[in-house]
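Below you'll find the structure, written out as structure tokens, and then a few comments.
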Amino acid sequence: MTQTPDWVPPGISLAVPSAARIYDYMLGGGHNFAVDREAAAKAERFVPHARGVARLNRAFLRRAVRFMVDQGIRQFLDIGSGVPTVGNVHEIAQDADPECRVVYVDHDPIAVAHSELILKGNKRATVLHADAREPSVILSDPRLRRLLDLDEPVGMLFLCLLHWIPDESGPRGLVDRYVDAISAGSYLAITHITEDYQPSQVREALKVATRGGDQVTARPYDEVRTLFGDLELLEPGLVGCGTWRPAGPGDIAEDPVLNQILYAGVAHKS
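Residue numbering for the sequence shown follows this note's numbering, starting at 106 and increasing by one per position.
Pasting the structure below:
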């Protein structure tokens, strides 16, 4: 019998892969199971260097948060934050200014449980166990309201989250509800998987990686662009994740296709 690690909440199956734990594994984290590592390995058969894509997304997070801090943002809302590993939003933002406040939101109980451990003692960061498709519940949560003043600019992130929202759930309308709740001067960052450049490989990789739960909707450029609504998309626009304002060699892959598996962009609410 396999002993369940003490950091796993009760009732969690070790036999079903989780997208959050697969992502944790690809980033080199330690909060994943054999079934997650197996799913990641199978996915990499179709998209070699898939771990590189995960790291490009993480590098984009770092650049986007630093950019927002440079613009004066001191409060952040990370929707679909996943299992926390090195280089989380609160680490990046609070390194620049210890007064920055961060609220994470995820529906994966392991992601939330480990976030609570990481954030214990950090009075300016918290995590909510909630479904991203219920913005009214999230935005009215007293823990969020304690840390974030929605009448002041917020840095809001949907990184590798919106492709988990199927078309019938209205991802554009969902983002609009969040954007409507934040003040002018706020910023929105999105990354989203696409099949525009490697359709068959990405499709097969996603089948493997999502066999344990909800399916991913990979969207083309025009559909991802609409997720920003009427917000002002900042230069260089919606581009491959690795090509959004790279600051060093770790931000962009040598293989140009790898840089294009995720779209990325940052927009401003004026």
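Note that beta-carbon positions come from the ideal geometry of N, C-alpha and C, so glycine has one too. From a predicted model like this one, the values you see are computed outputs, not experimental measurements.
Under a Cβ-count criterion, where at least 16 other Cβ atoms within 10 Å of its own Cβ denotes burial, should residue i be classed as buried or exposed?
| i | result |
| --- | --- |
| residue 355 | exposed |
| residue 193 | buried |
| residue 331 | exposed |
| residue 256 | exposed |
| residue 284 | buried |
| residue 226 | exposed |
| residue 240 | buried |
| residue 126 | buried |
| residue 141 | buried |
| residue 259 | buried |
| residue 242 | exposed |
DSSP three-state call for residue i: helix, strand or coil?
| i | result |
| --- | --- |
| residue 296 | strand |
| residue 157 | helix |
| residue 302 | coil |
| residue 270 | coil |
| residue 196 | helix |
| residue 340 | coil |
| residue 106 | The pLDDT assigned to residue 106 is 42, lower than 50, so where the model puts this residue is not dependable, and the model offers no usable value. |
| residue 129 | helix |
| residue 347 | helix |
| residue 202 | coil |
| residue 211 | strand |
| residue 363 | helix |
| residue 166 | helix |
Beta carbon of residue i, beta carbon of residue j: below 7 Å?
| i | j | result |
| --- | --- | --- |
| residue 232 | residue 220 | yes |
| residue 261 | residue 293 | yes |
| residue 370 | residue 295 | yes |
| residue 364 | residue 347 | yes |
| residue 264 | residue 166 | yes |
| residue 205 | residue 179 | yes |
| residue 244 | residue 286 | yes |
| residue 139 | residue 195 | no |
| residue 87 | residue 181 | With the chain covering only 106 through 375, there is no way to say anything about residue 87. |
| residue 281 | residue 188 | no |
Over what stretch of residues does the beta strand (DSSP E) that includes residue i continue unbroken?
| i | result |
| --- | --- |
| residue 231 | 230-234 |
| residue 262 | 260-264 |
| residue 243 | No beta strand (DSSP E) holds residue 243; the alpha helix (DSSP H) holding it covers 240-244. |
| residue 222 | Premise fails: residue 222 lies in the alpha helix (DSSP H), 214-224, not in any beta strand (DSSP E). |
| residue 184 | 180-184 |
Where does the unbroken alpha helix (DSSP H) through residue i begin, and where does it stop?
| i | result |
| --- | --- |
| residue 367 | Careful: residue 367 lies outside any alpha helix (DSSP H), inside the beta strand (DSSP E) at 367-373. |
| residue 278 | 276-286 |
| residue 329 | 326-331 |
| residue 252 | 247-252 |
Find the nearest neighbour of residue i within the set the options, judged by alpha-carbon distance.
| i | options | result |
| --- | --- | --- |
| residue 268 | 347, 323, 353 | 323 |
| residue 216 | 185, 199, 205, 143 | 185 |
| residue 300 | 171, 261, 362 | 362 |
| residue 203 | 325, 164, 282, 228 | 228 |
| residue 172 | 329, 304, 291 | 291 |
| residue 336 | 307, 373, 349, 303 | 373 |
| residue 366 | 302, 320, 340 | 302 |
| residue 275 | 137, 245, 182, 328 | 328 |
| residue 213 | 198, 237, 334, 230 | 237 |
| residue 309 | 130, 147, 250, 157 | 147 |
| residue 360 | 137, 158, 375, 144 | 158 |
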